[in-house]
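A short worksheet on the structure shown next.
Protein chains: 4
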Amino acid sequence: MADSESDTGGARPHTGRRRNEAARRAILDAALRLLGEAEGDSVTVETIARAAGVGKQTLYRWWPSKGAVLLEALAERAQQAVPAPDHGDLRDDLRAVVAATFAGAQRPPVGPALRTLAREAARDPQLAVLMREFTESRRAALRDVLERGRERGELEPGRDLDLMVDQVYGVFWYRFLLGHGPLDEDTAKALADSLLTGGR
Amino acid sequence: MADSESDTGGARPHTGRRRNEAARRAILDAALRLLGEAEGDSVTVETIARAAGVGKQTLYRWWPSKGAVLLEALAERAQQAVPAPDHGDLRDDLRAVVAATFAGAQRPPVGPALRTLAREAARDPQLAVLMREFTESRRAALRDVLERGRERGELEPGRDLDLMVDQVYGVFWYRFLLGHGPLDEDTAKALADSLLTGGR
Amino acid sequence: MADSESDTGGARPHTGRRRNEAARRAILDAALRLLGEAEGDSVTVETIARAAGVGKQTLYRWWPSKGAVLLEALAERAQQAVPAPDHGDLRDDLRAVVAATFAGAQRPPVGPALRTLAREAARDPQLAVLMREFTESRRAALRDVLERGRERGELEPGRDLDLMVDQVYGVFWYRFLLGHGPLDEDTAKALADSLLTGGR
Amino acid sequence: MADSESDTGGARPHTGRRRNEAARRAILDAALRLLGEAEGDSVTVETIARAAGVGKQTLYRWWPSKGAVLLEALAERAQQAVPAPDHGDLRDDLRAVVAATFAGAQRPPVGPALRTLAREAARDPQLAVLMREFTESRRAALRDVLERGRERGELEPGRDLDLMVDQVYGVFWYRFLLGHGPLDEDTAKALADSLLTGGR
DNA sequence: ATTTAATCGAGACGGTACGTCATGTCTTCGG
DNA sequence: CCGAAGACATGACGTACCGTCTCGATTAAAT
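Residue numbers (the working numbering), protein chains in the order written: chain A, 1 to 200; chain B, 1 to 200; chain C, 1 to 200; chain D, 1 to 200.
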């Protein structure tokens, strides 16, 4: 009965007094998988543990909260990405980064996970900190793009880069969480252009 | 013991088969107070009821969910604002609206309450809907300003106004909730200018 | 699925803010039934609650521990008994009381329940107190029989009645819990006679 | 932090592939100490291991269960006794054995330990078996005394000796565990006399 | 004037998830 | 190869909120 859900392929070998890497993997995988399946609701610590074929205690031993598990699972997945392209043209780079951000957050397993993560972080200060650190790397990547553009003279020297970054991520999170507007490629293009050209 | 916290001044007179306005007030007041106080803890239905000296059923009779109570409590307080100025100059109007938004959300009772409300909305879909409706009026006011500007020719005709609105509120919520950047008058000015002039 | 076990016959009507007597009954009945079935092992709070069709909290609201539930269930069952016969002859009375004690504790639902109760009381001081009070009434009944006998001159005036009582209940509990000797009617007779006649 | 309690004096030298006697001692000592100290709390395997500065496995390698450790710890201490005197007079012998039993169980280190042990045995069937075996020697000693008395004609030939033994140990355990009556020398005398002379 | 009906405070209820604890098994690694 | 260390799966524990329910009282409206 339990196996029908977990499908971990049977017994994991014990690893003695060292952390069992296979268990870690099973937990992270199960967490991400459940998030993708269940649209974010009802992803319980117990559910994750059962799906991973793991005791709850093992989960609590290594992560402070359910959200921390999700975050690590997600961070792993997102490690590879972080494009930070360098075409030599700010407009192109900006469009690419923004579009990649928008697209990346909506692929099946990531979207619900990210949303759930935000929900959890809203209540769990510890997780909020972790998440802030995680997103920081994304912000840094975007800031690099802008800095390169400024050095090439594509931006006014006095421009507030942090504000520009926040305009991108602000729009992203705002629409991502509320869902009242699109986060498609056209929007990405329009947003990038707005930052560079403004509204005149 | 209960009175030490609620301080409703003792017994409320019954109002027979008509809704007891005093109870409604007590609930909203208690809700707002708790929203402001509870920095990290979650605001419980039971807590609100107890603080208001009210049965839980009274709460559920008049509001569909805990979130609805919280939102109404906050909305009452925020009723006044929604400036939507009309100086005849888009830049001035925009700066004014953005600055007012930034400032309004940080006044002592509103700031923490709004933050807690956002936290609650992250978990309570019903509240999320209500909050969306509530913020819609703010967005509409900003959109009006932009539309007037466009009609005066101060914006390119093809500009995506909704995106501009979301840039403002996106930045606002992003910084408001994460607290990693300022929401002062300079920022308001810079943001407004960015929307109009862009970064070249 | 749940109903297959609980068999409470469907929904219990709510009783508002007053304790639900039906729920109390269901809990006590379920507790005793499960004890009888499961030989005492694995009678979990959760199991009792589920079998009674009740939330765990309801159980904890009214009893301090699982053992307290069992005790109350058992005390109810034992209420009627408490023989304390009065044939006018001490030997007859004593034999009757002892035999009744032995027999009563071994009837299907009572035996395992009593054993489990003792197990629980070994760890739960609160329950130990309750149990002491419960058994006190049994001791008192036996003491009454002895006192009547002494008044009739069937016992030496200086005899330590409390010790006699403890000889009866000591043997009872000792054999009941360890199970190394019989607690049948012959034993009862022999024990009663031993107390009166001694070993010469 | 762990050492503050164990205070085993620091590192024990390893003994290679032979059983480490020092570890055995540390475990038994820790067990006895904890049995004596822990008045209400239960004595945990982990607690013993930590207090002895020992891994849990070392414990399970040499003893089948926690209870076995506790019992062995106690048995060692109680080795000496088992008097079984032979004055040639049953009454004297009986009084001596009973008084010794009562007194022995109340000496400072043994009393609380024995009580805790009984508590543990109530939950641990394995320990219960071991304890039964352990107490069997005590029962045998008493039975010997009685048998010698019977052979000397001081007891009716048909007397149920096992029942007499259980009257002694029944009273002992009953009062020892519940503490509602004294276990002093007078009681011992009265109990011995009761067994021989009875109550007329 | 009496009945009817709705509100109110109170809090019990069934339920879901939580995070902790103890058990007994297992494996690593230093000596 | 022993012994320490401690990770692991299991399963019970007791707590926190949720949203629903039923009281008994109180009082306004309908009769």
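The beta carbon of each residue, even a glycine, is placed where N, CA and C say it ideally should be. Remember, predicted model here, so these are calculated numbers, not experimental data.
Closer than 8 Å at the beta carbon, the chain D residues around residue i
i         : result
Gly-181/C : Asp-162, Leu-163 and Asp-166
8 Å contact criterion, which residue i and residue j should meet: CB distance rounded
i         : j         : result
Leu-35/C  : Ala-49/C  : At roughly 14 Å, the Cβ-Cβ gap does not stay under 8 Å, so Leu-35/C and Ala-49/C are not in contact.
Met-131/B : Leu-71/B  : 6 Å
Trp-173/D : Gly-53/C  : So it is not a contact: roughly 40 Å between Cβ atoms.
Glu-147/A : Leu-90/A  : Wrong, their Cβ atoms sit about 10 Å apart, outside the cutoff.
Glu-120/C : Lys-66/C  : 6 Å
Ala-84/C  : Phe-176/C : The pair is not a contact, with the Cβ atoms about 21 Å apart (cut-off 8 Å).
Asp-166/D : Gly-181/C : 6 Å
Val-98/C  : Val-168/C : 6 Å
Leu-32/D  : Pro-109/D : 7 Å
Leu-74/D  : Leu-114/D : 7 Å
Arg-143/C : Leu-161/C : 6 Å
Ala-51/C  : Ala-68/C  : 17 Å between Cβ atoms; not a contact.
Arg-150/C : Arg-159/C : 7 Å
Under 8 Å by beta carbon: chain C residues contacting residue i
i        : result
Ala-52/D : What Ala-52/D touches in chain C: nothing, since even the nearest Cβ is about 23 Å away.
Proximal residues of chain A, C-beta to C-beta of residue i below 7 Å
i         : result
Leu-191/B : Leu-163
Thr-187/B : Leu-163
Amino acids of chain A, ordered along the chain, whose beta-carbon sits closer than 8 Å to that of residue i
i         : result
Thr-101/B : Within chain A, no residue comes near Thr-101/B; the closest Cβ sits about 13 Å away, beyond 8 Å.
Chain-ordered neighbours of residue i on chain C, where CB pairs are closer than 9 Å
i        : result
Thr-47/D : Correct list: empty, because the minimum Cβ distance to chain C is about 15 Å.
Residues that residue i contacts on chain B, provided the C-beta gap is smaller than 7 Å
i        : result
Ser-42/A : Going along chain B, no residue has its Cβ under 7 Å from Ser-42/A, so there is no contact; the nearest lies around 13 Å.
Positions along the segment 160 to 179 of chain D whose CB lies within less than 8 Å of some CB in chain C: Within the segment 160 to 179 of chain D, the qualifying residues are Asp-160, Asp-162, Leu-163, Met-164, Asp-166, Gln-167, Tyr-169, Gly-170, Val-171, Phe-172, Trp-173, Tyr-174, Arg-175 and Leu-178.
Could you list the residues in the segment 56 to 80 of chain D with a C-beta less than 8 Å from some C-beta on chain C, going in chain order? Answer in chain order: no residues at all.
Taking a cut of 7 Å between CB atoms, which residues from the segment 103 to 136 of chain A lie near chain B? If the cut-off is 7 Å between Cβ atoms, the segment 103 to 136 of chain A has Ala-118, Arg-119, Ala-122, Arg-123, Pro-125 and Arg-132 near chain B.
Which runs of the alpha helix (DSSP H) at least 4 residues long sit entirely within the segment 20 to 96 of chain D? Give them in chain order. Unbroken alpha helix (DSSP H) runs of no fewer than 4 residues, entirely contained in the segment 20 to 96 of chain D, are found at 21 to 37, 45 to 52, 56 to 62 and 66 to 78, following chain order.
Any alpha helix (DSSP H) of 4 or more consecutive residues that is wholly inside the segment 148 to 193 of chain D: For secondary structure counted as the alpha helix (DSSP H) over 4 or more consecutive residues, the segment 148 to 193 of chain D holds these complete runs in sequence order: 161 to 178.
Please give the ranges of any beta strand (DSSP E) in the segment 96 to 156 of chain C, keeping only runs that are unbroken, at least 3 residues long and fully inside the region. Runs found: none.
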